[in-house]
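Same order as they appear, the protein sequences are chains Y and L.
The first sequence: position 39 = 43 (the numbering used here), numbered continuously.
The second sequence: position 117 = 121 (the numbering used here), numbered continuously.
Cβ atoms here follow ideal geometry from the backbone N, Cα and C, with glycine treated the same way.
Protein chains: 2
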Amino acid sequence: MAGKVEVPKPTRPDGLWADDFSVGQTFRSGEQEITAEAITEFATRFDPQPFHVDADASIGTFFDRLVGSGWHTAAETMRLLVDALPIATGIVGAGGEIGWPTATLPGDRVHVEGVIDDIIWSRSRPDRAILVVSHQTVNQTGEVRQRTTARLIAWKRPRA
Amino acid sequence: MAGKVEVPKPTRPDGLWADDFSVGQTFRSGEQEITAEAITEFATRFDPQPFHVDADASIGTFFDRLVGSGWHTAAETMRLLVDALPIATGIVGAGGEIGWPTATLPGDRVHVEGVIDDIIWSRSRPDRAILVVSHQTVNQTGEVRQRTTARLIAWKRPRA
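Following this line, the structure appears as structure tokens:
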């Protein structure tokens with residue numbers, strides 16, 4: 005991932021630096037309702053398949069009802085993470101793994117719960133680290149809609 | 005991934021079934037321009053960080069300019085795939101790996117190019133398979149904005 009060599013300007017001056025995190029630390033986001041309208045709006049633009057845009061046309065297909073696009077679930081997850089994981093230099097992802105054990109349904113109220121799995125300091129650039137973060141996106145009855153493991157870039161707190 | 009046990013109704017009656025694919029088969033999508041307006045619209049809703057929503061505020065941050073959210077790149081990639089990978093029962097992803105070697109820039113014209121890496125037939129349900137598909141999202145000068153390996157569910161062509 006291209007970017008500045010020096011420590012970037014914080015996007016959240018009161019946020020957390022790599023050395024403020026600890027392995028095993030958990031976090032939990034607020035809640036977001038996913039409406040049928042939000043599902044079809046996202047899917048019309050980015051994933052226009054019958055089971056994401058048209059409840060009637062979805063009958064008989066794999067999902068047999070209107071369900072959210074996995075990429076919509078991913079986007080809503082990111083929105084919740086932006087508030088729940090206040091990294092000083094922003095949430096900058098190099099990549100990760102994503103899985104959708106079940107599809108998001110209209111009316112789901114989802115939140116994100118996660119844990120810092122690992123903090124890997126760079127050998128060549130000792131002021132930066134990769135935070136390995138696992139999180140799941142869960143609805144109001146505990147059904148897991150998404151599992152994610154992300155590698156996020158973070159910096160050591162600069163000396164004052 | 006929950007879903008129907010019998011063969012689902014096709015979402016594309018003229019689409020491809022699992023046994024129509026072969027390992028090593030490649031595909032290439034059409035092109036989509038990613039404008040600054042599209043970047044900030046997506047990010048305002050789903051990834052409201054300064055480097056995704058405000059060119060002025062992005063200066064000095066990690067990216068040091070306005071760049072697209074990785075999840076926006078993922079969503080645009082899905083939109084291109086829906087046209088480029090006409091699986092009869094739809095593109096239904098169980099999960100996969102995603103990486104963003106560089107960030108999408110305003111004005112990028114991206115396409116998706118991919119290959120069928122593997123076709124794994126289910127032992128317990130011989131009418132279904134997992135297609136393992138690797139694809140990359142590439143701009144007009146060949147810069148790779150996203151690398152993805154996806155596990156997609158597909159069915160054997162039903163007997164007439």
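Note down, in chain order, every chain B residue with its Cβ under 9 Å from the Cβ of residue i.
i         : result
Trp-21(Y) : Among the protein chains in the structure shown, which are Y and L, there is no chain B.
Over the uninterrupted alpha helix (DSSP H) stretch that includes residue i, give me the two end residues.
i          : result
Ala-154(Y) : Taken as a continuous stretch (DSSP letters only), Ala-154(Y) belongs to no alpha helix (DSSP H), being part of the beta strand (DSSP E) at 148–159.
Phe-55(Y)  : 54–57
Trp-75(Y)  : 74–88
Ile-43(Y)  : 40–50
Would you report the Cα separation of residue i and residue j, rounded to the nearest angstrom?
i          : j          : result
Pro-17(Y)  : Arg-161(Y) : 11 Å
Arg-151(Y) : Glu-35(Y)  : 16 Å
Arg-132(L) : Glu-101(L) : 22 Å
Pro-14(Y)  : Ala-92(Y)  : 5 Å
Ile-95(Y)  : Leu-89(Y)  : 8 Å
Val-11(Y)  : Gly-19(Y)  : 14 Å
Val-136(Y) : Phe-55(Y)  : 33 Å
Leu-109(L) : Leu-70(L)  : 7 Å
Glu-147(L) : Ile-157(Y) : 21 Å
Ile-38(L)  : Phe-46(L)  : 11 Å
Asn-143(L) : Gly-64(L)  : 25 Å
Val-86(Y)  : Ala-40(Y)  : 23 Å
Phe-66(Y)  : Thr-106(L) : 34 Å
Arg-149(Y) : Arg-127(L) : 26 Å
Ser-138(Y) : Glu-80(Y)  : 16 Å
Gln-140(Y) : Met-82(Y)  : 11 Å
Val-116(L) : Leu-84(L)  : 7 Å
Asp-122(Y) : Val-57(L)  : 29 Å
Trp-159(Y) : Trp-125(L) : 44 Å
Ile-134(Y) : Asp-68(L)  : 20 Å
Ala-42(L)  : Ala-42(Y)  : 17 Å
Gly-118(L) : Thr-145(L) : 17 Å
Asp-24(L)  : Asp-24(Y)  : 52 Å
Hey, residue i and residue j are a contact pair by Cβ (cut 8 Å); roughly how many whole angstroms apart?
i         : j          : result
Gly-97(Y) : Ala-154(Y) : 5 Å
Gly-99(L) : Gly-103(Y) : 3 Å
Run the CB neighbour count on residue i, radius 10 Å, all protein chains shown included, and call it buried at 16 or more, exposed below.
i          : result
Gly-111(L) : exposed
Asp-60(Y)  : exposed
Gln-53(L)  : buried
Pro-130(L) : exposed
Asp-51(L)  : buried
Arg-163(L) : exposed
Arg-113(Y) : exposed
Ser-26(L)  : exposed
Thr-44(Y)  : buried
Ser-62(Y)  : buried
Gly-28(L)  : exposed
Ile-120(L) : buried
Ser-33(L)  : buried
Thr-30(Y)  : exposed
Thr-48(L)  : exposed
Between which two residues does the beta strand (DSSP E) containing residue i stretch?
i          : result
Ser-138(Y) : 132–142
Arg-113(L) : 112–125
Ile-102(Y) : 97–103
Run the proximity test for residue i: is its beta-carbon closer than 7 Å to any non-hydrogen atom belonging to the ligand ATP?
i         : result
Trp-75(L) : In the structure shown, the ligand ATP is absent, as is every other ligand, since no ligand is present at all.
Item to check | the segment 71–80 of chain L / the segment 69–87 of chain Y touching (three or more Cβ pairs under 8 Å) | outcome: Flag = yes, the segment 71–80 of chain L and the segment 69–87 of chain Y touch.
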